[in-house]
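J.: Numbering (this note's numbering), first residue to last: 420 to 471. Here a beta-carbon is modelled for each residue, glycine too, at the ideal position from N, C-alpha and C.
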Amino acid sequence: MAKPNYSFEKRQREIAAKKQKEEKLAKKQQAREAAKAANQPAGEHTPSDPLE
């Protein structure tokens, strides 16, 4: 019987945890950007908008 490779399993758990953390961070970033856009008055121009 083959013996288990605990290092591989640990690395896979670490990769999964890192991926989950990055997804959570990206979701929070999107929520912050959406809230920031919602709080900005519609009449004001943003630097990315042309002033024409």
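May I ask you to report which of helix, strand or coil DSSP gives P422?
T.: Pro is not the amino acid found at residue 422; the sequence shown has Lys there. For K422, the secondary structure class from DSSP, reduced to helix, strand or coil, is coil.
J.: Roughly how many angstroms separate the alpha carbons of Y425 and Q448, rounded to a whole number?
T.: 35 Å
J.: Going by beta carbon distance, what residues of the same chain come within less than 7 Å of A457, once the five residues before and after it are set aside?
T.: none
J.: In angstroms with no decimal places, state the Cα-to-Cα distance between Q431 and K437.
T.: Taken atom to atom, the span from the alpha-carbon of Q431 to that of K437 is near 10 Å.
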